[in-house]
Amino acid sequence: MPFRRPIDLEIVSAVTPPSSIDPGAEGIAEDLSDFLNEESEIAKARVEKTAAKLCGPVHSIRTHVPIGQPANEVLAAAEHCDVDLVVLGAVGHSALDRVLLGSVSDYVATHGETTTLVVRPRRDSEIPPKLERIVIALSGSEEDQRMIDCLKQFQLHSSIEVHLVRVLRLDTFYRQDIRRRASKFWQGYVDHAQAQILALETQLQSIGLTTETHLVEAEHVGDALIDYAETHGCDLIVTGDSDSGILTRVFIGSTSRYVLRHAQCSVLIVRNKEDRARDSNVTLDQRAVVGANVSG
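Numbered according to our numbering, the sequence shown spans residues 34 to 329.
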């Protein structure tokens, strides 16, 4: 995804110390210092090789080889360097790794304060990820415009298809879906959603992109988005993160996190750093108030 203008690039490869690895693992050097030095040199060679490949389209490149847990080190580097985008690769597709145990990419994408791209090849494929079809997961919120603005920063080829998809959630409890479909309110809701999609589509067409628009009615937003991406062979799902409070992120889950964990293609989660930081501060203040009340 080439940018429209040169960027400053930070390349991070963390070295995990033995203390954070299974103590029973074999091959750990007895001398911790020698082990860390050896692993650091390997990591430095790797990031330097990567930097050499990326030297053309960027303004500047800096490399970092910290020692620590990879997810924490990536988040720390992102905060320290005040980056606007974090890019990670997803390793593996197993349900155990991605849902129960989590992964570096899952942790960073969930807990990060900035826009995050998780690059994932197509299922059971050794072919590097390509970019031919993008699906933008619209919600009717201000984040829709934020996602459009994010895509405008990339120099996307006109042959790339951009699918603007809005999932209208159907509440099937007590067959409310039937009543809702029949109501004037529901039709007005659909018409308003369609008008919003068309307005966003016009913006993308103005920069020469090929677009499609779709309204999908479904019980589960996340499932509908993943099914759409699979059916249409999309290579990237772009989603916002409006429901990203502490409770939502850790305990309940959100549409963006569901898509991240279950999609078989790459996922771009678009965030506003200022909004994210403000929400985190509000949550911390609320926790402090609750703690004070409990203490009292």
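For glycine and all other residues, C-beta sits at the position ideal for the given N, C-alpha and C.
Taking buried to mean at least 16 other C-beta atoms within 10 Å of its own C-beta, is residue i buried or exposed?
i	result
residue 38	exposed
residue 46	buried
residue 285	Note that residue 285 scores a pLDDT of 39, beneath 50, so its modelled location is shaky and nothing firm can be said.
residue 228	exposed
residue 268	buried
residue 289	buried
residue 271	buried
residue 224	exposed
residue 173	exposed
residue 216	exposed
residue 66	exposed
residue 115	exposed
residue 177	buried
residue 136	buried
residue 252	exposed
residue 74	exposed
residue 111	buried
residue 76	buried
Between the Cα of residue i and the Cα atoms of the options, which residue gives the shortest distance?
i	options	result
residue 96	104, 87, 107, 80	80
residue 26	43, 112, 42, 305	Residue 26 lies beyond the stretch modelled for the chain, which goes from 34 to 329, so this question has no answer here.
residue 68	77, 257, 51	51
residue 154	147, 122, 143	122
residue 87	35, 232, 253	35
residue 256	224, 293, 101	293
residue 181	198, 252, 291, 237	237
residue 179	102, 295, 65, 274	274
residue 248	222, 239, 240	222
residue 164	266, 49, 295, 296	266
residue 297	287, 187, 259	259
residue 241	261, 167, 192, 217	192
residue 107	48, 77, 74, 78	48
residue 138	218, 220, 102	102
residue 232	262, 253, 198	198
residue 8	218, 291, 77, 264	Given a span of 34 to 329 for the chain in the structure shown, any question on residue 8 remains unanswerable.
residue 254	262, 201, 226	201
residue 187	118, 219, 143, 74	118
residue 291	142, 98, 99	142
Could you tell me the boundaries of the beta strand (DSSP E) in which residue i lies?
i	result
residue 42	40 to 45
residue 251	243 to 251
residue 169	166 to 171
residue 303	Segment: none, residue 303 is in no beta strand (DSSP E) and carries neither H nor E.
residue 93	91 to 97
residue 273	It is not in any beta strand (DSSP E) - residue 273 carries neither H nor E in the DSSP assignment.
residue 48	Here residue 48 belongs to no beta strand (DSSP E), and DSSP marks it neither H nor E.
residue 149	148 to 152
To the nearest whole angstrom, what separates the beta carbons of residue i and residue j, a pair I think is in contact under 8 Å?
i	j	result
residue 245	residue 196	5 Å
residue 41	residue 92	5 Å
residue 302	residue 83	That pair is no contact at about 23 Å.
residue 243	residue 194	5 Å
residue 171	residue 230	6 Å
residue 94	residue 44	7 Å
residue 146	residue 203	At roughly 33 Å, the Cβ-Cβ gap does not stay under 8 Å, so residue 146 and residue 203 are not in contact.
residue 151	residue 299	6 Å
residue 104	residue 140	4 Å
If I follow the unbroken alpha helix (DSSP H) through residue i, where does it start and stop?
i	result
residue 255	254 to 264
residue 143	137 to 144
residue 83	65 to 86
residue 111	103 to 114
residue 292	288 to 295
For the segment 173 to 235, list the alpha helix (DSSP H) runs that are entirely contained and at least 4 residues long, ordered along the chain. 176 to 185, 209 to 215
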